[in-house]
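Protein chains in written order, with the numbering used here: chain A, 44 to 324; chain B, 2 to 189; chain C, 155 to 541.
For each residue, glycine too, the CB sits at the ideal point set by N, CA and C.
Comments concern the structure below.
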Amino acid sequence: MYLKLSYEIRDKYLRKDMLPTIFCPGCGIGSVLQYTLRAIDELGWSKDEVVWVSGIGCSSRVPGFVDFDGLHTTHGRALAFATGIKMANPDLKVIAFMGDGDTAAIGGNHFIHAIRRNLDVTVILINNFTYGMTGGQVAPTTLKGLRGTTAPYGSFENPFDIAELAVAAGANYVARWTVFNYIQGINSIKKALQKKGFSLVEFLSPCPISFGRRNRMKTAPELIKWYNKITVPISKAKNMSPEELEGKIIIGEFVDRDRPSLDEEYEAYKKRAKKMMGWEE
Amino acid sequence: MRKEVLISGFGGQGVILASVILGRAAAVYEGLYAVQTQSYGPESRGGASKAEVVISDEPIDYPKTLRPDYAVFLSQEAYQKYLTHLKEGAILIIEKDLIPHRNEEVEKKLKLKVYALPLTKIAEETTGLSLTMNILALGLFVALTEIVSREAIEKAVLDAVPKGTEQINLKALHKGFELGEKALKGEL
Amino acid sequence: MKYPFPVGKSDFIQGDEAIARAAILAGCRFYAGYPITPASEIFEAMALYMPLVDGVSIQMEDELASIAAVIGASWVGTKAMTATSGPGFSLMMENLGYAIMTETPIVVVDVQRSGPSTGQPTLAAQGDVMQAIWGTHGDHSLIVLTPATVQEAFDMTIRAFNLAEKYRTPVILLTDAEVGHMREKVDIPNPEDVELVYRKLPANEEEAKYPFGDIHGDLIPPMPIFGKGYRTYVTGLTHDEKGRPKTVDAEIHRKLIERIVNKIEKNKKDIIEYETFDLDDAEVAIISYGIVARSAIRAVKMLRSEGIKAGLLKLNVVWPFDFEMIEKIAEQVNAIYVPEMNLGQVYHLVKEGANGKARVELIPKIGGEVHTPQEIVKAVKRCEKCI
């Protein structure tokens, strides 16, 4: 795989007047943004045919830094807005850049319903196990026992596995990587972007400032080491017992299928309506 | 000429549909102003049902009935609840079999012109379907009140009833006309 | 173009149905909603018509999502609408604020029922007036229309789209269960006779760089819709003229919010619509809106027949509000009565407008029924006696 220089990607896709980004040292969002832009670049897509949508959170600020049409909306609602964009103009390609709290907590309902409908959108999900922007509160993804400012003695709730949730709800493409699986990450994003229907690429992404510091992992390298410890490739996980998988996070490609997307279904529905009303043969 | 119509019975008798057809005949086919309002319980069937139609040759301000000029009562409950609301001299049609208890004192005091007929039974005999009672009552109503023309109500009935039931409903409507004529001649 | 309902003739239909047909004639081609009494008939009509006119009608997972989808559709240049009632309207407050902040033309219909909470689902009320105006947080303005008849519901729906497009703002059509469910004669115009307004688009690349800038001096920026190569960034955060987040700059915030408020306030004369009945020589004024105004017209006639010089001001728009006009009326009359199906909402606006120049009395009614004309007459007479 040939990788273009980062500067080329930066100059081609970022809005200079919006820089620098708001991201902290060691944050993984910039890396995932770069993977996404590289994927778009490799696919040769025009900047004018893609709309970026986001909710609220650190990751949701991404559409502001890229030189595309972008809708930075309300907390959790990105996919609801995306539904309007895609259905009103199915020619546009839609990317939703989201965080774990945004996706799985306040936006959980929109998330599962967008998947159920098979909305043609690619979700790039930054999962840092915390609410970074508001200062490190626990999220629905925070693993049991890990600390956040709203569970200072360690989270006592069960976490969501967002990728598995997306598979169960019916997504066409789901993959999960850590920020450090950059080749796999870029390839998965490329696949996801080309996939009709709902696609999700989730990244375990370090937040040393809000999350790591509270959990004895003050730097990104410490978080990488931790990811190495807790992640298991999907091929290996297949041969592991539930007990062995306890506390582990599976990475890899979860699903790749081609169910018809919402806009395709709606086109057929319009034809059916006209036929039923005798407007068309 | 503000005219107020109150139709009431229980859910499933077609009270609302009858009121919609009457309003439509006036508004669409007679060029009059008409407002139809309704109230019913949250249950879809069986609860009390009330519909009001106000018809006028000028724009209608208050859309509900104040003192109905005409009424159709299809249940004992409706009769009891709304009898005293009627205007003096109002024309009242009632479903005789479903309203066994009458208040002759009030009827007399209000000088009501009451037409009490076993409407459901007649509908069943006429069309084989008791469901057509509301349309039959409409026919009777129009013949007695002449608030809209027979052509107008016919057209409105045809707009409103399900496809395939046109003939049966027209039959009920015409039976209503016939009963009205008889009633006006004092032959009932 | 073919329409899925008769045009150029009269029909006898419910207010909800009239709103749906008017929206189609106004060019609305995206509807997102969630079932709720007494607004579901609007959705059901849209579901029937939209696929036939190549529009979209979609049932979302809740009202938060419904209004969000509508805003998304508007940013790709599609006229879009959602409809709901109190409980759903409460959920919409969040993204109503987003639509105001991002200056997105949308139409939101609230078919009011009694509240708070689930209240009386099938019965009418006027309890959402203040929520429609002030329900979303922060300083803002928007437009709220209040139809009293099915014909007005129809006409004002078209006007709601036109105002939304003209002023790049959300417009609320604030109706109620009574108008929504009532059937009435409506004259449905020929589509070519319907006057339609479309949002101002950027004339060139340069204009498109300022999606939130007052570049024409009319307070309304052209809207660079998505997918046209303008690459516009839109955020609910405080932003500068180019749309860039500037969240701690007081001056930028002041400039943005004042423009958003002023584009409505400074165009009050164009937006506000009202009707008067017998007001010229009135000594007693009734100020009313929506369904209750119809009782009030009759009450005026009844009061006049009893020798009381009453007159009516019927508000077709409750926001923006013409406080100056109310003061003029207050200077003319002895007392102003405000019958409302709530415990006092527009009453407070009228009181502020009257500015102490006349007594302002509320005639409240809650529980689901419209004031009868007699109730208004009685309340006026009781108070007129007590002077």
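Quiz prompt | alpha helix (DSSP H) runs wholly inside the segment 475–505 of chain C, at least 4 long, in chain order | solution = Counting only runs of 4 or more, we get 477–486.
Exercise. Return the residues of the segment 245–264 of chain C that lie within a Cβ-Cβ distance of less than 9 Å from chain E, sorted by chain order.
Key: This model lacks chain E altogether; the protein chains it does include are A, B and C.
Quiz item: Comparing alpha-carbon positions, which option in C/G169, C/Q168 and C/P205 lies nearest C/A186?
Solution: Here residue 186 of chain C refers to the residue found at position 32 of the third sequence. For the options C/G169, C/Q168 and C/P205, the alpha carbon positioned closest to that of C/A186 is the one of C/P205.
Quiz prompt | Listed by chain order, chain C residues near A/L135 by CB distance under 9 Å | solution = Here residue 135 of chain A refers to the residue found at position 92 of the first sequence. By Cβ distance, chain C contributes V230, F380 and G381.
Quiz item: If you draw a straight line from the alpha carbon of C/G465 to that of C/F431, how long is it in whole angstroms?
Solution: The residue labelled residue 465 of chain C in the question sits at position 311 within the third sequence. The residue labelled residue 431 of chain C in the question sits at position 277 within the third sequence. Between C/G465 and C/F431, the C-alpha separation is close to 6 Å.
Exercise. Tell me, please, which residues DSSP counts as bridged to B/A35.
Key: On the second sequence, residue 35 of chain B is found 34 positions in, with the first residue counted as 1. B/A35 is bridged by DSSP to B/I56.
Practice problem: Could you run through the segment 430–456 of chain C and flag, in chain order, every residue whose CB is less than 7 Å away from some CB of chain B? | Solution: Answer in chain order: R448, S449, I451 and R452.
Quiz prompt | Residues of its chain near B/Y63, where Cβ-Cβ distance is below 7 Å and the 5 sequence neighbours each way are ignored | solution = As a first step, residue 63 of chain B is located in the second sequence; it is residue number 62 there, counting from the start. So no residue of the chain qualifies.
Self-check item: Contact under 8 Å by Cβ, C/E217 with A/H153
Solution: Counting from one through the third sequence, the residue named residue 217 of chain C turns up at place 63. Counting from one through the first sequence, the residue named residue 153 of chain A turns up at place 110. Cβ atoms of C/E217 and A/H153: not closer than 8 Å.
Quiz prompt | Residues near B/S76 by beta carbon distance below 6 Å, same chain, minus five either side | solution = To locate residue 76 of chain B, count along the second sequence from 1; it is residue 75. Excluding sequence neighbours, B/S76 sits near G10, F11 and L99.
Quiz prompt | chain C within 8 Å of B/Y202, Cβ atoms only | solution = Not covered by the structure: residue 202 of chain B. The range shown for chain B is 2 to 189.
Quiz item: Which partner residues does A/V181 have in the DSSP bridge list?
Solution: Position 138 of the first sequence holds residue 181 of chain A. A/V181 is bridged by DSSP to A/T173.
Quiz item: C/E515 and C/F477: beta carbons closer than 8 Å?
Solution: Reading the third sequence from its first residue, position 361 is the one you call residue 515 of chain C. Reading the third sequence from its first residue, position 323 is the one you call residue 477 of chain C. Taking 8 Å as the Cβ cut-off, C/E515 and C/F477 do not qualify as a contacting pair.
Quiz item: Quick one: what does DSSP say C/Y387 is sitting in, helix, strand or coil?
Solution: The sequence position of residue 387 of chain C within the third sequence is 233, counting from 1. The three-state secondary structure of C/Y387, taken from DSSP, is strand.
Quiz prompt | Paired residues, beta bridge with C/M235 - DSSP | solution = Sequence index remark: in the third sequence, residue 235 of chain C carries index 81 (1-based). DSSP lists C/Y185 and C/V261 as partners of C/M235.
Quiz item: How close, in whole Å, do the beta carbons of C/F366 and C/W229 come, if the pair is a contact with beta carbons under 8 Å?
Solution: For the purposes of this step, residue 366 of chain C is taken as residue 212 along the third sequence, with counting starting at 1. For the purposes of this step, residue 229 of chain C is taken as residue 75 along the third sequence, with counting starting at 1. About 13 Å separates the CB atoms of C/F366 and C/W229; that is not less than 8 Å, and the two are not in contact.
Quiz item: What residues of chain C sit near A/Y56, judged by a beta carbon separation below 8 Å?
Solution: Position 13 of the first sequence holds residue 56 of chain A. What A/Y56 touches in chain C: nothing, since even the nearest Cβ is about 11 Å away.
Quiz item: Are the beta-carbon atoms of B/A35 and B/V55 separated by less than 8 Å?
Solution: Position 34 of the second sequence, counted from the first residue, corresponds to residue 35 of chain B. Position 54 of the second sequence, counted from the first residue, corresponds to residue 55 of chain B. Result yes, Cβ atoms of B/A35 and B/V55 sit closer than 8 Å.
Quiz item: Considering only C-alpha positions, which residue in the set B/A157, B/N170 and B/I92 is nearest to B/Y116?
Solution: If you number the second sequence from 1, residue 116 of chain B lands on position 115. Considering only alpha carbons, the answer is B/I92.
Quiz prompt | Closest residue to A/L186 among A/P303, A/L62, A/I292 and A/D299 (Cα-Cα distance) | solution = Numbered from 1 along the first sequence, position 143 holds the residue referred to as residue 186 of chain A. Out of A/P303, A/L62, A/I292 and A/D299, A/I292 has the C-alpha closest to the C-alpha of A/L186.
Quiz prompt | chain C contacts from the segment 21–33 of chain B (Cβ-Cβ distance under 7 Å) | solution = Taking 7 Å as the Cβ-Cβ cut-off against chain C, the residues of the segment 21–33 of chain B that qualify are V21, G24, R25, A28 and V29.
Quiz item: Residues of chain C with a CB under 7 Å from the CB of A/A214: which are they?
Solution: Within the first sequence, the letter at position 171 stands for residue 214 of chain A. In chain order: nothing, as chain C lies at least about 16 Å away.
Exercise. Let me know if C/S239 comes out buried or exposed under the rule of 16 or more other beta-carbons within 10 Å of its beta-carbon.
Key: Taking the first residue of the third sequence as 1, we reach residue 239 of chain C at position 85. Buried.
Quiz item: Which residues share a DSSP beta bridge with B/H5?
Solution: Mapped onto the second sequence, residue 5 of chain B falls at position 4. It is Glu, not His, that sits at residue 5 of chain B in the sequence shown. DSSP output for B/E5 lists B/V55 as bridge partner(s).
Quiz item: Would DSSP call C/L410 helix, strand or coil?
Solution: Along the third sequence, one-based indexing puts residue 410 of chain C at 256. C/L410 falls in the helix class under three-state DSSP.
Exercise. Would you kindly work out how many angstroms separate the C-alpha atoms of C/I254 and B/K172, rounded to a whole number?
Key: Walking along the third sequence from the start, residue 254 of chain C turns up at place 100. Walking along the second sequence from the start, residue 172 of chain B turns up at place 171. In this model, C/I254 and B/K172 are separated by some 57 Å (Cα to Cα).
Self-check item: Strand pairing of A/S242, partner residues [DSSP]
Solution: Taking the first sequence and counting its residues from 1, the one referred to as residue 242 of chain A is at position 199. Answer is A/T165 and A/Y216, bridged to A/S242.
Quiz item: So which residues of chain B does C/D165 contact, with C-beta pairs closer than 7 Å?
Solution: Within the third sequence, numbered from 1, the residue matching residue 165 of chain C stands at position 11. Listed along chain B, the residues sitting closer than 7 Å to C/D165 by beta-carbon distance are V29.
Practice problem: Under the assumption that B/G140 contacts B/F178 (Cβ atoms under 8 Å), give the Cβ distance between them as a whole number of angstroms. | Solution: What you label residue 140 of chain B is simply residue 139 of the second sequence in a count that begins at 1. What you label residue 178 of chain B is simply residue 177 of the second sequence in a count that begins at 1. Under the criterion of beta carbons closer than 8 Å, B/G140 and B/F178 qualify as touching, at roughly 5 Å.
Quiz item: Should A/M319 be labelled buried (16 or more other beta-carbon atoms within 10 Å of its own) or exposed?
Solution: As a working note, residue 319 of chain A is residue 276 in the first sequence. By the neighbour-count rule (16 or more Cβ atoms within 10 Å), A/M319 is not buried but exposed.
Exercise. Taking B/I17 as part of the alpha helix (DSSP H), name the residues at either end of that continuous run.
Key: Taking the first residue of the second sequence as 1, we reach residue 17 of chain B at position 16. Boundaries of the alpha helix (DSSP H) around B/I17: V16 to R25.
Practice problem: Would you verify that the beta carbon of B/V36 is, or is not, closer than 8 Å to some beta carbon of chain C? | Solution: Indexing the second sequence from 1 puts residue 36 of chain B at position 35. Closer than 8 Å to some Cβ of chain C, the Cβ of B/V36 qualifies, so yes.
Exercise. Please state whether DSSP places B/H175 in a helix, a strand or coil.
Key: On the second sequence, residue 175 of chain B is found 174 positions in, with the first residue counted as 1. Here B/H175 sits in helix by DSSP.
Practice problem: Give the range of the alpha helix (DSSP H) segment to which C/H294 is assigned. | Solution: Position 140 of the third sequence holds residue 294 of chain C. That residue, C/H294, is in no alpha helix (DSSP H); it is neither H nor E in DSSP.
Quiz item: Helix, strand or coil for C/P365 per DSSP?
Solution: Mapped onto the third sequence, residue 365 of chain C falls at position 211. Of the three classes helix, strand and coil, the one that applies to C/P365 here is coil, per DSSP.
Quiz item: Between A/S248 and A/N161, is the Cβ-Cβ spacing less than 8 Å?
Solution: On the first sequence, residue 248 of chain A is found 205 positions in, with the first residue counted as 1. On the first sequence, residue 161 of chain A is found 118 positions in, with the first residue counted as 1. For A/S248 and A/N161, no; Cβs fall outside 8 Å.
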